[in-house]
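Asker: Pasting a structure below so you can have a look.
Protein chains in written order, with our numbering: chain A, 1 to 322; chain B, 1 to 366.
This is the structure:
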């Protein structure tokens, strides 16, 4: 494999890792507060449809982004009401919302555009277009690092850089702010937080809302940056891969970045089976590459690659004064 | 008193949940500019209005009974098996391998062997997550989700690179031999007086109903069933009573996976007569809705499976005769899971309050 092929693969790694990263970070907030969320997939899908549709209708990607966040927040709110207010089963609520999103997105897109549940292709101002970072052109001819900077690091949409910036930000919020400390505490021992006079319900709703916003970004990225418009079931299980990445990373923000880059790398490889074959001299079936993130997550869960311990109060509704 | 009478708990809670889901579904239809009344009429007409429609409705019902029972038995052990979809697909692989293995002399032999194949493959696919849960504490919900995707990838690989006959374009196994052809309802004497046109519903329906009885008997009439239910209600109490948690997790998940796998005799052997990609078409997930709607009781599961059979066939008719997309049935499925599963407490609160009001009025009148 030559250098330029490697750069191409790393470039698509970054592009494909971004929705995983955004969704994974979004799940991080919810799960650290004790609310399991297997509805990342549905929220992404809803956001992708809303942002694709609004970006097409208004011609502005920013309005599309807002609409995506809005749609994702609606689903997050339902999840919050079901699992926090009514203390329902968080897993079942997530499953329900995934189905609801899978159906509703097609229904709405079909109603608006009558194109078989797609939104029309968008372009120009209605999309997040590649940003060329400063000096990318000028440094292009510097050996090795120049092409790396030009091909891999520069030339992505704004949301890619935003997603990466969100990693240290999430770390800082969770580990260095009062809100973050409380959020983590409420996921480990809600009774203690309650005793300290801090609202468990309020904190958990805040966490679920953050999840909604970040998942909205992930979905909007799918429809307005990675692809040009929404298509039926376009997230194709990315919400679950993001969940897998979150577990793989043991619910820690910086590790989430590496996990998502790794899973994005697998997805990039699955697009180039010829390269894989050339490098390891064995024909690897594409489905095997597709399944790798899931296989790795199972291994992590089984404790063969370190132990993944979820937040202690995760999945359990909090009942005051039991 | 803020408890519901037993009849209300058994019948009224699911009914109210269903009505709420129905109201939201109607609102969804209105919001996309369709008439809910007209949609319902098309669904009833297409799914229940003729023997032909019933033939499809019962075909879906058969699959959903299996997957609903699968989720039910795991639920009773306190385990949420989201992996029915993957287990059903592996079950399909078991069916295909058995059906293709020899030239079956009679369908009864083929059916028996295929049922065992389906159950074993499904059970193994549920058994790995069960083992990881029991021995290594990996969360079964996450592992079964992962196993759904691994199953899908495995089947794509097998269908494209291994099972596909040379020269065939679409990724599918060869056709099953004639001897492995199951009689459809229109092939069975007496019943064919009702079903005169060829329908996909087949003898598997009776196996599904028999399994509902078997699951009921296991859960409520055997020591094992008692242990499963005790474990599901309280793990520490069950442990204290000498129930082996590893054994219960393993057995209940193996049964669950076996049932989900058996679904494939209905669609793979009874209908498609070859193994296709994504053979289970989401029926594994519908099992969740069916189990929740059926309150985790085999009778409820059979009724809920019939309801979902109606929804599925009716939904397909909507796709054919109206401009409502077929995805409407996924919306309804999501709503039913939401109201019967996640918002269960809300429905109960509403009903308890309503009953409380009734009681206080009676007291006031007296």
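Glycine residues also receive a C-beta, built at the ideal position from the N, C-alpha and C atoms.
State the Cα-Cα distance for the pair residue 314 of chain B and residue 244 of chain B, rounded to the nearest angstrom.
Answerer: Cα to Cα, residue 314 of chain B sits roughly 45 Å from residue 244 of chain B.
Asker: Per DSSP, what kind of secondary structure is residue 276 of chain B in: helix, strand or coil?
Answerer: Correct three-state label for residue 276 of chain B: strand.
Asker: Verify the CB distance criterion: does residue 189 of chain A have a CB-CB separation below 9 Å to chain B?
Answerer: Taking Cβ atoms only, chain B never reaches closer than 9 Å to residue 189 of chain A, which makes this a no.
Asker: Do the region 37–51 of chain B and the region 214–231 of chain B make contact, defined as three or more Cβ pairs closer than 8 Å?
Answerer: Flag = no, the region 37–51 of chain B and the region 214–231 of chain B do not touch.
Asker: First and last residue of the alpha helix (DSSP H) that includes residue 135 of chain B?
Answerer: Segment 107–136, the alpha helix (DSSP H) holding residue 135 of chain B.
Asker: Helix, strand or coil: which one does DSSP assign to residue 202 of chain B?
Answerer: In this structure, residue 202 of chain B counts as strand in the three-state DSSP scheme.
Asker: Do you know how far the Cα of residue 193 of chain A is from the Cα of residue 86 of chain B?
Answerer: So the alpha carbons of these two residues sit roughly 40 Å apart.
Asker: My assumption, with CB atoms under 8 Å, is that residue 274 of chain B sits in contact with residue 175 of chain B. Please give the rounded CB distance.
Answerer: The pair is a contact, with the Cβ atoms about 5 Å apart (cut-off 8 Å).
Asker: I want to verify the contact list: residues of chain A whose CB lies under 7 Å from the CB of residue 146 of chain B, in sequence order.
Answerer: By Cβ distance, chain A contributes 244, 294, 297 and 298.
Asker: For residue 249 of chain A, count neighbouring Cβ atoms within 10 angstroms of its own Cβ and tell me buried if that reaches 16, exposed if not.
Answerer: Per the 10 Å Cβ criterion, buried.
Asker: For residue 327 of chain B, count the other beta carbons within 10 Å of its own beta carbon; 16 or more makes it buried, fewer makes it exposed. Which is it?
Answerer: So residue 327 of chain B ends up on the buried side.
Asker: Give the DSSP-derived three-state secondary structure of residue 1 of chain B in the structure shown.
Answerer: Its pLDDT being 44, under 50, residue 1 of chain B is placed unreliably by the model, and the measurement read from it follows with that caveat. Here residue 1 of chain B sits in coil by DSSP.
Asker: Is residue 127 of chain A near residue 231 of chain A, with beta carbons less than 9 Å apart?
Answerer: Not closer than 9 Å, so no.
Asker: Within this structure, are the beta carbons of residue 91 of chain B and residue 302 of chain B separated by less than 9 Å?
Answerer: Taking 9 Å as the Cβ cut-off, residue 91 of chain B and residue 302 of chain B do not qualify as a contacting pair.
Asker: Could you give the residue range of the alpha helix (DSSP H) that holds residue 237 of chain A?
Answerer: Careful: residue 237 of chain A lies outside any alpha helix (DSSP H) and carries neither H nor E.
Asker: Put residue 39 of chain B into one of helix, strand or coil per three-state DSSP.
Answerer: Three-state result, residue 39 of chain B: helix.
Asker: Per DSSP, which residues does residue 297 of chain B bridge with? Please list them.
Answerer: Paired residues: none, contrary to the question.
Asker: Any idea if residue 89 of chain A is buried or exposed, counting beta-carbon neighbours within 10 angstroms, 16 or more meaning buried?
Answerer: Result: buried.
Asker: Going along chain B in order, which residues have a C-beta closer than 9 Å to the C-beta of residue 104 of chain A?
Answerer: Within 9 Å Cβ-Cβ: 28, 327, 330, 331 and 334.
Asker: Using a Cβ-Cβ cut-off of 7 Å (strictly less than) and excluding sequence neighbours within five positions of residue 28 of chain B, which residues of its own chain qualify?
Answerer: Answer for residue 28 of chain B: 331, listed in chain order.
Asker: So, with DSSP's three-state summary, where would you put residue 156 of chain A?
Answerer: Looking at residue 156 of chain A - three-state DSSP - the assignment turns out to be strand.
Asker: Counting pairs of Cβ atoms below 8 Å between the region 88–102 of chain B and the region 161–176 of chain B, do you hit three or more?
Answerer: The answer is yes - the region 161–176 of chain B touches the region 88–102 of chain B, with three or more Cβ pairs under 8 Å.
Asker: Leaving out five residues before and five after residue 23 of chain A in sequence, what residues of the same chain have Cβ atoms less than 7 Å from its Cβ?
Answerer: 40, 44, 215, 218, 238, 239 and 242.
Asker: Do residue 77 of chain A and residue 207 of chain A have their CB atoms nearer than 9 Å?
Answerer: Contact: no.
Asker: Using a beta-carbon distance below 9 Å, is residue 80 of chain B in contact with chain A?
Answerer: So, interface residue.
Asker: Under three-state DSSP, which class holds residue 311 of chain A?
Answerer: Coil, per DSSP.
Asker: At a Cβ cut of 9 Å, what residues of the region 60–93 of chain A count as close to chain B, listed as they run along the chain?
Answerer: Residues passing the 9 Å Cβ filter: 78, 79, 81, 82, 83, 85, 86, 87, 88, 89, 90, 91, 92 and 93.
Asker: Quick check on residue 129 of chain A - is its C-beta less than 9 Å from some C-beta in chain B?
Answerer: So, not an interface residue.
Asker: Looking at chain B, is there any beta carbon in it that lies within less than 9 Å of the beta carbon of residue 29 of chain A?
Answerer: Judged by the 9 Å Cβ criterion, residue 29 of chain A is not in contact with chain B.
Asker: Does the contact criterion of 3 or more C-beta pairs under 8 Å hold for the region 335–350 of chain B versus the region 13–30 of chain B?
Answerer: Because the criterion of three Cβ pairs below 8 Å is met, the region 335–350 of chain B and the region 13–30 of chain B touch.
Asker: Give a yes or no on whether 9 Å exceeds the smallest Cβ distance from residue 323 of chain A to chain B.
Answerer: A query on residue 323 of chain A cannot be resolved here, the shown segment of chain A reaching from 1 to 322 and no further.
Asker: Report the residue from A:49, A:301 and A:197 whose alpha carbon sits nearest the alpha carbon of residue 101 of chain A.
Answerer: Of the candidates A:49, A:301 and A:197, the one whose C-alpha sits nearest the C-alpha of residue 101 of chain A is A:49.
Asker: Specify the secondary structure class of residue 142 of chain A as computed by DSSP and reduced to three states.
Answerer: Coil, per DSSP.
Asker: Give every residue of the same chain whose Cβ lies closer than 6 Å to the Cβ of residue 273 of chain A, excluding the five residues on either side of it in the sequence, and list them in chain order.
Answerer: For residue 273 of chain A, where only same-chain residues beyond five positions count, the Cβ hits under 6 Å are 286.
Asker: Over what stretch of residues does the alpha helix (DSSP H) that includes residue 194 of chain A continue unbroken?
Answerer: Residue 194 of chain A -> alpha helix (DSSP H) spans 190–195.
Asker: Give me, in chain order, the residues of the same chain whose beta-carbon lies closer than 6 Å to that of residue 55 of chain A; leave out the 5 immediate sequence neighbours on both sides.
Answerer: Hits under 6 Å: 61, 64, 122, 126 and 224.
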